[in-house]
Amino acid sequence: MTTQNAVSEVDIRERIDILLDAVRNGDLGALKTIFAPNLVSFDIEPPLRHLGAEQKWANWEKVFAVYRVPLGYEVRDLTVLVDGDLAVTYAVNRISGTLANGAQAGMWVRWTAAWQRIDGAWMIAHDQVSVPLYFPDGRAATDLTP
Numbered sequence: 003m004t005t006q007n008a009v010s011e012v013d014i015r016e017r018i019d020i021l022l023d024a025v026r027n028g029d030l031g032a033l034k035t036i037f038a039p040n041l042v043s044f045d046i047e048p049p050l051r052h053l054g055a056e057q058k059w060a061n062w063e064k065v066f067a068v069y070r071v072p073l074g075y076e077v078r079d080l081t082v083l084v085d086g087d088l089a090v091t092y093a094v095n096r097i098s099g100t101l102a103n104g105a106q107a108g109m110w111v112r113w114t115a116a117w118q119r120i121d122g123a124w125m126i127a128h129d130q131v132s133v134p135l136y137f138p139d140g141r142a143a144t145d146l147t148p
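Using our numbering, the first residue of the sequence shown is number 3, and each one after it goes up by one.
Set out below in structure tokens:
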């Protein structure tokens with residue numbers, strides 16, 4: 003790994019820390035600094051793709067409306083691959099906490115993000131969040147743990 007790529011990896015890990023703190027604290031303003039304006043997101047809920055950062059922010063607003071703050075948010079087994087102004091990260095993430103109705107909830111998801119350095123800042127240009135399915139019934143496997 004080149005020195006520049008190593009520095010970029012540190013920068014991306016710092017950006018992920020900002021993302022984690024923003025989710026845990028329900029801080030939509032901080033989340034807005036992470037996603038590129040032209041983001042394409044294959045998020046966990048319909049539709050098949052969300053176009054533009056505004057749609058991603060709207061998804062996080064829904065999460066913050068369902069969960070009480072602070073939330074639990076963990077990234078495990080994070081891998082960061084960097085080449086110049088592009089990078090890919092992948093991990094399994096857990097969101098958990100108390101729902102607005104008082105019930106406890108949480109699940110692990112698979113997360114992949116494509117990062118692009120835009121005007122010197124690393125931004126998520128594409129992300130994908132998913133859970134495996136049990137076949138043949140197609141039920142979401144939200145009970146799995148790493």
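Ideal Cβ positions, reconstructed from N, Cα and C, are used throughout, including at glycine.
Quick caveat: nothing in here was measured; it's all calculated off a predicted structure.
Is the CB of Leu22 under 9 Å away from at least one CB in chain C?
The chain labelled as chain C is not found in the depicted structure, where only one protein chain is given.
Does the segment 100 to 112 come close enough to the segment 50 to 62 that 3 or more CB-CB pairs lie under 8 Å?
no
What are the residues that DSSP puts in a beta bridge with Arg141?
Tyr136
I need the DSSP call for Asp19, collapsed to helix, strand or coil.
helix
Minimum C-alpha distance to Val25 - residue among Leu50, Ala123, Gly74, Gly86
Gly74
My output table needs one value for Ile120: the three-state DSSP class, helix, strand or coil.
strand
I need the DSSP call for Thr5, collapsed to helix, strand or coil.
helix
Cβ neighbour criterion (16 or more within 10 Å) applied to Ala143
exposed
Thinking just about the alpha-carbon of each residue, which of Val77, Arg78, Val42 is nearest to the one in Asn61?
Val42
Using only the alpha-carbon positions, how far apart do Asn27 and Ala127 sit?
23 Å
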